[in-house]
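Asks:
Protein chains: 2
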Amino acid sequence: MEEVHIFCPATIANVSCGFDVLGLALDSVGDTMIVRKTEEPGIKISKITGQDLPLTTEKNVAGVAGLALLEKANYKGGFEIEIHKKIKPGSGIGSSAASSAGAVAGMNMLLGNPFTLSELVTFAMQGEKLASNVAHADNVAPALFGGFTLVRSYEPLDVIPIPTPTALYATVIHPQIEIKTADSRKILKNTFSLTQGIKQWGNVGGLVAGLFTNDYELIGRSLEDHIIEPIRSILIPEFANVTQAAKKAGALGAGISGSGPSIFALSEGEQIAKKVADAMRKIYSSTGIDFDIHVSKIATKGVRTIA
Amino acid sequence: MEEVHIFCPATIANVSCGFDVLGLALDSVGDTMIVRKTEEPGIKISKITGQDLPLTTEKNVAGVAGLALLEKANYKGGFEIEIHKKIKPGSGIGSSAASSAGAVAGMNMLLGNPFTLSELVTFAMQGEKLASNVAHADNVAPALFGGFTLVRSYEPLDVIPIPTPTALYATVIHPQIEIKTADSRKILKNTFSLTQGIKQWGNVGGLVAGLFTNDYELIGRSLEDHIIEPIRSILIPEFANVTQAAKKAGALGAGISGSGPSIFALSEGEQIAKKVADAMRKIYSSTGIDFDIHVSKIATKGVRTIA
């Protein structure tokens with residue numbers, strides 16, 4: 001195999017209660033990439049469509065993630081990468097993660113899968129580091145594993161795949177204002193109260209239990225964030241109205257996608273997820289802010305080949 | 001039915017990462033109680049053996065928990081309660097919880113089970129409030145539900161039973177020094193860093209996932225406490241040596257049981273759990289401090305009738 005065409009899923013990190021540890025992959029929202037082997041060593045970003053992003057390997061998240069893989073690979077050649085962006089950078093649904101994960105997953109396929117998914121996560125994290133100064137894994141882990149993932153620990157990296165109920169759908173609204181992950185991290189407080197913490201880890205436990213038992217109500221009850229959301233939501237216009245309207249329309253719960261500005265909601269079934277989209281659209285239509293809305297099943301697979 | 005003889009399990013709260021939310025019940029360590037209906041209204045504590053505890057209803061945790069149930073019950077009579085303590089108060093394995101849970105579970109049985117397990121938890125929490133000034137549920141929930149439980153939320157109370165792998169055993173060493181839960185809470189800090197928090201909720205998610213998937217290694221890796229243990233362990237002689245020796249003897253992980261001073265370890269299989277007991281015994285034998293050691297399967301049932 002000399003070339004792969006791949007789909008690189010958008011991802012929702014944090015998922016309310018799981019700051020820096022939980023994430024999920026979307027099934028029908030994402031970039032496409034073409035990765036091909038070259039005789040020339042190194043990584044060349046040959047083409048980017050859809051967004052104005054740097055072609056210089058060392059300045060491109062896919063390039064940096066790819067170089068991290070190359071360093072550990074027993075391979076004398078190189079790779080050429082085409083990136084066709086559908087996910088907007090700064091949207092909060094894992095734009096940089098899709099590119100980083102796609103690059104390393106595509107390269108791994110072409111090399112005959114020498115690396116485990118967890119190893120690919122460590123390479124892709126280098127792309128995240130370039131994008132936001134922090135090598136976080138909560139987007140690249142679900143982009144590579146698919147479904148829900150829990151990053152239990154960073155040192156050493158310990159990614160736990162969590163099963164996803166089949167009828168779980170996400171609705172995401174992306175207001176076209178850019179919040180850089182790095183900026184969005186700056187406003188966070190460094191300390192939290194024990195009372196907040198108890199609620200937070202109670203909810204993480206509840207969400208994981210709900211995912212294992214297909215208990216949609218429990219999933220919904222656990223989608224609370226007592227630590228990050230109260231701070232970050234002030235950067236997102238109409239946040240409270242959108243999440244309230246989503247729940248009123250039948251969503252199990254709603255919150256900030258990653259570091260924002262996107263807002264996500266989870267629902268049982270596509271029909272409700274679409275009603276939730278309508279409710280979100282109605283609110284944002286009156287703001288004058290441009291926006292995109294996505295409705296997607298949760299992906300059971302991570303980066304995958306396409307025809 | 002006019003009388004029940006019941007076994008009231010000892011419990012391990014917190015289970016390292018899950019401060020105030022996680023707990024588990026022991027199968028072969030606990031008190032016994034006799035609860036019988038009386039024509040006279042109210043609760044009478046007629047007998048206590050094994051410990052010097054107050055017989056006055058309002059000063060006894062079983063009495064207070066029972067009164068909380070009576071207030072909501074459609075019942076004109078009363079109850080008489082005998083408590084045969086095997087669990088020492090202040091041991092950190094849920095002595096007050098066993099009495100509180102036993103009283104309300106026994107009364108509920110005699111009334112034909114009008115209350116749900118979650119309702120019984122709310123009654124039993126009144127006993128915990130008397131014992132430690134805080135109406136915590138992380139001991140009474142597993143004492144009533146059995147197995148592992150997660151108290152996802154207190155307002156409203158949301159107790160989630162978590163499945164328990166069949167070969168999971170606990171070893172508990174109880175140094176005969178008393179640490180009151182109230183005192184042990186006083187030394188806790190009210191704030192923690194976000195970095196500590198991320199590790200903590202990552203581990204709670206990992207532990208819950210490990211219990212659902214019978215992944216003993218994951219259970220072990222998740223038995224970390226970055227927030228409470230570093231502070232509370234200073235009250236427990238030989239804490240670091242005991243937990244290290246337990247792991248060296250094959251335990252999956254170890255930590256403080258509840259607010260201490262008991263130290264628990266979890267192991268896969270009874271044989272390893274007994275080796276862990278030997279390792280703990282060896283260390284404490286040289287301290288001059290009296291101690292008890294228990295080895296027990298995790299209970300699949302909560303308070304249960306006995307012959």
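Protein chains in written order, with the numbering used here: chain E, 1 to 307; chain P, 1 to 307. C-beta atoms are modelled at their ideal positions from N, C-alpha and C, and glycine is treated no differently.
Does the Cβ-Cβ distance between Ser296/E and Val29/E come in under 7 Å?
Replies: For Ser296/E and Val29/E, yes; Cβs fall inside 7 Å.
Asks: Output yes if chain E places a C-beta closer than 7 Å to the C-beta of Thr11/P; else output no.
Replies: No, because no Cβ of chain E sits closer than 7 Å to the Cβ of Thr11/P.
Asks: For the segment 91-161 of chain E, which segments carrying the beta strand (DSSP E) assignment without a break, of at least 3 residues, lie completely within its bounds, in sequence order?
Replies: Runs found: 148-154.
Asks: Indicate whether Leu111/P and Val64/P have their beta-carbon atoms separated by less than 7 Å.
Replies: Their beta carbons are not under 7 Å apart, which means Leu111/P does not touch Val64/P by this criterion.
Asks: Going by alpha carbons, who is nearest to His294/P out of Val35/P, Ile87/P, Ile6/P, Lys47/P?
Replies: Answer by Cα proximity: Ile87/P.
Asks: Please report the distance separating the alpha-carbon of Thr49/E from that of Ile34/E.
Replies: Their Cα atoms are separated by approximately 12 Å.
Asks: Using only the alpha-carbon positions, how far apart do Ala101/E and Leu120/E sit?
Replies: When rounded, the distance between both Cα atoms is 7 Å.
Asks: Take His226/P and list the residues in its own chain whose beta-carbon comes closer than 7 Å to its own, dropping the five residues that flank it on each side.
Replies: Contacts found: Gln196, Lys199, Gln200.
Asks: State buried or exposed for Glu238/P, treating a residue as buried only when at least 16 other CB atoms are found within 10 Å of its CB.
Replies: Classification for Glu238/P: buried.
Asks: Given that Thr191/E touches chain P, what residues does it touch there, using C-beta distances under 8 Å?
Replies: Those are Thr191, Phe192, Ser193, Leu194, listed as they occur along chain P.
Asks: Can you list the beta strand (DSSP E) stretches of 3 or more residues lying completely in the segment 222-304 of chain E, in chain order?
Replies: Those beta strand (DSSP E) runs which fall completely within the segment 222-304 of chain E and span 3+ residues are 253-256, 263-268, 291-297.
Asks: Chain P partners of Ile219/E, CB-CB under 7 Å?
Replies: Per Cβ cutoff of 7 Å: no residues; Ile219/E is ~11 Å from chain P at best.
Asks: From Ile283/P to Asp215/P, what distance separates their C-alpha atoms?
Replies: Going by the C-alpha atoms only, they are around 29 Å apart.
Asks: May I ask you to verify whether the segment 150-160 of chain P touches the segment 201-212 of chain E, counting CB pairs closer than 8 Å and requiring at least 3?
Replies: Touching, yes.
Asks: For chain P, check one thing: does any of its Cβ atoms lie closer than 7 Å to the Cβ of Phe212/E?
Replies: Closer than 7 Å to some Cβ of chain P, the Cβ of Phe212/E qualifies, so yes.
Asks: Determine, using beta carbons only, whether Val21/E comes closer than 7 Å to chain P.
Replies: Closer than 7 Å: yes.
Asks: With distances taken from CA atoms, which of Ala10/P, Asn14/P, His5/P is nearest Ser222/P?
Replies: Ranking the options by Cα distance to Ser222/P, first place goes to Asn14/P.
Asks: Identify each residue in the segment 42-72 of chain E for which the Cβ-Cβ distance to at least one residue of chain P is less than 9 Å, and report them in chain order.
Replies: Listed in sequence order: no entries.
Asks: On the DSSP bridge assignment, give the partners of Thr11/E in chain order.
Replies: Paired residue(s): Ala25/E.
Asks: Could you tell me the alpha carbon to alpha carbon distance between Ile179/P and Arg232/P, rounded to whole angstroms?
Replies: The alpha-carbon atoms of Ile179/P and Arg232/P are separated by roughly 10 Å.
Asks: Where does Phe212/E fall in DSSP's three states?
Replies: Three-state result, Phe212/E: helix.
Asks: Where does Asp20/P land, buried or exposed, given buried means 16+ other C-beta within 10 angstroms?
Replies: By the 10 Å Cβ count, Asp20/P comes out buried.
Asks: In angstroms, rounded to a whole number, what distance separates the CA positions of Val303/E and Leu117/E?
Replies: Going from the Cα of Val303/E to the Cα of Leu117/E covers about 11 Å.
Asks: So which of Arg281/P, Thr243/P, Ser259/P has the shortest CA-CA distance to Ala265/P?
Replies: Considering only alpha carbons, the answer is Thr243/P.
Asks: What separation, rounded to the nearest whole angstrom, lies between the Cα atoms of Ala277/P and Glu217/P?
Replies: Roughly 20 Å separates the two Cα atoms.
Asks: In the DSSP output, which residue or residues are listed as bridge partners for Thr38/P?
Replies: The partner list for Thr38/P (beta bridge, DSSP) reads Gly78/P.
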